[in-house]
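Scroll down for the structure; my scribbles are underneath it.
Residue numbers (the numbering used here): 35 to 613.
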């Protein structure tokens, strides 16, 4: 017998006399010879023995252990179970080990997303949604993945602002635009296109619709969140507002913001102001439409500039803008001086004043002064007035995107100006730049014609064109019937007849107004037809007692800027800036 053999015990079976059976102790491997026996551990003996981790499973057994059975390693357990704390259990996202379909400990797969630097198999394993070479990358504003604080792909949050039509959460995701919130539950907000809260706008055939009536003058300081306005009526929390320095210091600067609250004449804003707004600034409510449809022969417009507010048509549309009729702000910009039928101060006789300048972003109209060539000086973009003299000195044209033309000089005679000259008004000075996101202006007015010694009233200067700023998913101008028009108005003709006591001829013609501004911004396509969008300057007056031989100066063209999110087709007058 080997020394490793365990002792054999005879056992008498009760009830069977005379028979003695030899049994081996469990786990023996050899019981000698003869009457000795051999009993080996098996995977079916209902005993935990051999290498088994639990009864008849695990270890070298082919049978794997069920849930809650004991285990030494996960290989002891049925497929889908892992050995956790010595027991076969289902994988858990909180068991502190990498198991199941996890890419790293307790993350990835069907568990929570893994933080940067953890192991990953696919992008979906990572909080950054970006798996690079088997490792979760940190969120980046240039990784081509929507992650981190971004509201859309690589924009919003702490990244750069999102483009028109991109998803946003707050206005800061869209600067300089606004985020179209709030929106109905379950719908995404998008940058610049509004939230549709004012529903669809439909202008029927033959009808006119005026918008942007809620407007007032206002002032506020850069980096501040308040505007002091002349009239707070009509303003309310969460409205989008357009703020524009129309005249005076900083003219042309503008921005969109959102009202947080209104208290009397104080508007508190959601976002700090980008610019200072001083006297000459205005603020107006921006309608939030779904779709906009202006039917053929229908007209959409806004109030004209009145010296404190107006001249601006602006809206945001979450859907499509279709213009088969007219969107018109023609002649609703800066105002031309003089009124037909109203006597010039001091008429008749050798007046002391020259014709008045056209109104402009520089300021209101005033009597012209002489420039170095004895011409009527301009008023920034506003045309100069014709000088006083005997006959027919004409007013200069207003200017914006291009310089207008000067008014024709008058004849020399009684009441002649300095140096024997009786000069027409010079044209206004061009203002602004092509990119209307930088600055945007109303069209400047033409100058008044020059007075003479026996007249009644000179020709008025023509008004400049107003401003149209619209945002939409798409914009379509019908190629046969649709128009967007911000052109200036023609200058008036001087007349010596009237109630002023004068006679004869010689009161000068007025200069024409400059075109205004059109800015179109979309997330998708723009179709404008052929020259259906116009910002033309107008001609000067060329009739009255002086006639066509002494015309007022013509106004310059305005500016058009189209920023389409997709295909842009069509032409405009003047040609649009499209960058």
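By construction, the Cβ of each residue, glycine as well, lies at the ideal position given by its N, Cα and C atoms.
Query	Result
Within the segment 112-175, ranges of the beta strand (DSSP E) (whole runs, at least 3 residues)	116-118 and 121-123
Reference residue 96; option with closest CA among 393, 110, 422 and 106	110
Pick from 214, 283 and 160 that is closest to residue 139, judged by C-alpha positions	160
In chain order, each beta strand (DSSP E) run of at least 3 residues that lies wholly inside the segment 357-383	360-362
Own chain, CB closer than 8 Å to residue 80, minus 5 neighbours either side, in chain order	89 and 90
Beta-ladder partner(s) of residue 289, from DSSP	277
Residues near residue 43 by beta carbon distance below 6 Å, same chain, minus five either side	Bear in mind that a pLDDT of 38 at residue 43, under 50, signals an unreliable position, so the number given afterwards is only what the model happens to contain. Correct list: empty, nothing qualifies.
CA-to-CA distance, residue 317 to residue 247, given in whole angstroms	11 Å
Per-residue DSSP class, three states only, for residue 110	helix
Backbone CA spacing between residue 615 and residue 149 [nearest angstrom]	The question about residue 615 has no answer here: the residues shown for the chain are numbered 35 through 613.
For residue 582, the three-state DSSP class (helix, strand or coil)	helix
Validate contact between the segment 375-388 and the segment 401-414 using beta carbons, cut 8 Å, 3 pairs	yes
Under the three-state DSSP convention, the category residue 416 falls into	strand
Residue(s) in a DSSP beta bridge with residue 295	302
Collapsed DSSP secondary structure at residue 539 in the structure displayed	coil
Neighbourhood of residue 321 by C-beta, 6 Å cutoff - its chain only, sequence neighbours within 5 removed	232, 245 and 349
Whether residue 87 touches residue 105 by CB criterion (8 Å)	yes
Residue 185 burial status per 10 Å Cβ neighbour count (16 or more: buried)	buried
Enclosing beta strand (DSSP E) for residue 602 [first to last residue]	602-607
Test item: CB-CB of residue 489 and residue 522 under 8 Å	no
Inside the segment 311-336 only - alpha helix (DSSP H) runs reaching at least 4 residues	none
N- and C-terminal bounds of the beta strand (DSSP E) containing residue 561	560-568
Straight-line Cα distance separating residue 271 from residue 214	14 Å
Check whether residue 358 and residue 330 have beta carbons under 8 Å apart	yes
Span of the beta strand (DSSP E) around residue 350	346-351
Coil, strand or helix - residue 610 by DSSP	coil
DSSP-derived helix/strand/coil call for residue 205	helix
Spatially closest choice to residue 341 from 308, 396 and 273, by CA coordinates	396
Spatially closest choice to residue 128 from 378, 145, 607 and 609, by CA coordinates	145
Residue 352 to residue 228 span [Cα, whole Å]	5 Å
Reduced DSSP category for residue 506 - H, G, I as helix; E, B as strand; rest coil	strand
Inter-residue spacing [alpha-carbon to alpha-carbon] between residue 257 and residue 430	40 Å
Separation of residue 555 from residue 561, as counted between CA atoms	12 Å
Buried versus exposed, by CB contacts within 10 Å (16 or more), residue 137	buried
Three-way DSSP call (helix, strand, coil) for residue 67 in this model	Interpretation of residue 67 is limited by its pLDDT of 49, a score under 50 that renders its predicted location unreliable; the figure taken from the coordinates is listed afterwards. Coil, per DSSP.
8 Å Cβ cutoff met for residue 428 and residue 543	yes
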